[in-house]
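Numbering (mature numbering (1 follows the signal peptide of the UniProt record, and there is no 0)), first residue to last: -23 to -1, 1 to 582. What follows is a short report on a single structure.
Below is the structure:
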């Protein structure tokens, strides 16, 4: 996009004054929060280590309890066995009074003692397990409290960042701007002075905004997001310190401007790319301004046409798209282009905004032979198109086929050039079939032969920017028209065979648009008597156009049509004049590329 400051700026001297103490204080608060966060994160790490250690102790204790419980079951089983043996021995005493019960009694008492010991050990282990579990819960609660403090500190940090940058961008400052403007010859001296001051003031506002953002503690992030924020730059005072007419329509003006930024409430959050909730808090009432002030805003203006003229409040700003700084209030915005109904509106500016104008042709019915070029970007246009209107046309061999065209179309006046195709590749990083397959074909001894490592930038002969692009397949041509459609908003495509021949004949019923016979030097074909014949393609428009204003429809390069079988029309520099007749055809695979094949485009009307 072009930044509208069309004259020569000799000197820009920014001076920003504010309250650095406030900014420093807020910066310290951010540092304090960061220090507190560091401390809490250290405590969090320590708490996590304690939790890990205590969890291990608890796990070990639980394993100990489990082992004691298993041991208890085994000891209980042994006790039951000892008890059963003692009972059995008691029964024997009645039959044998001298039987010794001491061994079984001792075994029973020993088994009982071990069971009692196990019970006490299990009780102690369970109590220790409960102690560890309680300590673990306490540590987890401590960790949760630390995490909550960290979360709160992170919130505090965001608000501290907001407070810091708000103080940094809410400052009063001065700029001295020296500006030399080249005025139009039809302007009065007063008009020239007014325009110069307006442009200088715009520069001062923009430079002040840039200085504010550059001076923030997070300037890199703020500059990245400046388009999302509204700083509301106010011009408090302006004083012309020097103004003089330099001659040759040049006027010099030096302004001393006092400015103040009153950013929108959520501007700091937009600049920092954080949630807007951090920007809203109870506001403090400010004292009424004692001097008259004006807020300035960025206005982006676009139109759907190329090479138009933008006029704001009587001052011309060149063509769109353009970005200007305008003060709050009503402004008269006009966009003009010959052949189109002018856009003319009074627009109220109360914030940064984008204005898009749709220029409509004065006559919606296209005229035969009318040419135009759609806008595809800054100082760039799509291929020049010529209108072919509806009607009845004769095509085919001996012009024996009647075609009724119910709807007109536009077709490019020349094949797509190397420069035009390069613009597409540069913007999309597109790779052609020839580049991917590493081969482009050519005519060799009357036969089509592949040549390795040739493609549109190096087809095997020298080309200029205005030469027709070659070594492109039908697939590549289709990719180009899809890109044109996306860039312009209009439907571009390859021509059908009938459309191509209608445009090439330009109403003629002869094999060539100029007549039935091919004349030496009339077009670039093989054996055509031109410097390029049998050597290379020729720059477009090297020969006369037909009655519709189309160039190179005879020879130069074969041109792809939309036929899915891979049909080309028009002949080429390496083919005989016979092949350049309007009715002639050539078929090659849609994915094939040749150094004698290019294309031109059609746009729906």
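By construction, the Cβ of each residue, glycine as well, lies at the ideal position given by its N, Cα and C atoms. These numbers come from a predicted model, not from an experiment.
Around residue 350, the same chain offers 283, 358, 359, 360, 361 and 362 as residues with beta carbons nearer than 8 Å, after the five sequence neighbours per side are excluded. Annotation for residue 120: the continuous alpha helix (DSSP H) segment containing it runs 79 to 146.
The residues 190, in chain order, have a CB closer than 6 Å to that of residue 200 in the same chain once the five nearest residues on each side in sequence are set aside. Here residue 323 is bridged, per DSSP, to 309. For residue 44, the enclosing alpha helix (DSSP H) covers residues -4 to 70.
Within the same chain, Cβ atoms closer than 6 Å to the Cβ of residue 134 are found at 10, the five residues on either side in sequence being excluded.
Shown here for residue 81: same chain residues with a beta carbon closer than 6 Å to its own, the five before and five after excluded, namely 62, 63 and 66 in chain order. Distance check between residue 452 and each of 462, 503 and 539 places 539 closest, using alpha-carbon atoms only.
Under the DSSP assignment, residue 303 falls outside any alpha helix (DSSP H), being part of the beta strand (DSSP E) whose first and last residues are 299 to 304.
Taking all protein chains in view, the Cβ of residue 197 is surrounded by fewer than 16 other Cβ atoms within 10 Å, so the residue is classified as exposed. A residue is called buried when at least 16 other Cβ atoms come within 10 angstroms of its Cβ; residue 576 meets this threshold and is buried. Excluding sequence positions up to five before and after residue 14, its CB lies within less than 8 Å of the CB of 127, 130, 131 and 134, all in the same chain and listed in chain order. For the pair of segments examined, the stretch 225 to 242 was found to touch the stretch 155 to 175: the number of CB pairs separated by less than 8 Å reaches three.
In this structure the stretch 548 to 560 lies against the stretch 517 to 534, because at least three pairs of beta carbons, one per stretch, are closer than 8 Å. DSSP places residue 182 within a helical segment (H, G or I) once states are collapsed to three.
Three or more Cβ pairs closer than 8 Å define a contact, and the stretch 498 to 513 falls short of that threshold against the stretch 298 to 317.
Ranked by how close their Cα comes to the Cα of residue 438, the residues 487, 368 and 511 have 511 in first place.
One thing to note: residue 515 has its Cβ no nearer than 8 Å to the Cβ of residue 447. Within its own chain, the residues whose Cβ lies closer than 8 Å to the Cβ of residue 429, once the five positions on either side in sequence are excluded, are 415 and 416, listed in chain order.
Residue environment analysis places residue 183 among the buried positions, since at least 16 neighbouring C-beta atoms fall within 10 angstroms of its C-beta. In this structure, the alpha-carbon of residue 410 lies about 27 Å from that of residue 478. Scanning the stretch 348 to 411 from its first residue to its last, the whole beta strand (DSSP E) runs of 3-plus residues come out as 352 to 354, 362 to 365, 368 to 372, 378 to 382 and 386 to 389. DSSP places residue 457 in the uninterrupted alpha helix (DSSP H) bounded by 451 to 465.
Here DSSP, grouped into helix, strand and coil, assigns residue 174 to helix. Between residue 24 and residue 119, the beta carbon gap of about 6 Å places them in contact (Cβ cut-off 8 Å). The residue from 326, 461, 521 and 255 with its alpha-carbon nearest to that of residue 243 is 255.
Assignment of residue 152 by DSSP, reduced to helix, strand and coil, places it in the strand class.
Residue range 210 to 224 is occupied by the beta strand (DSSP E) that includes residue 218. According to the DSSP secondary-structure assignment, residue 233 is paired through a beta bridge with 153 and 216. Judged by DSSP secondary structure, residue 201 falls within the alpha helix (DSSP H) whose first and last residues are 196 to 201.
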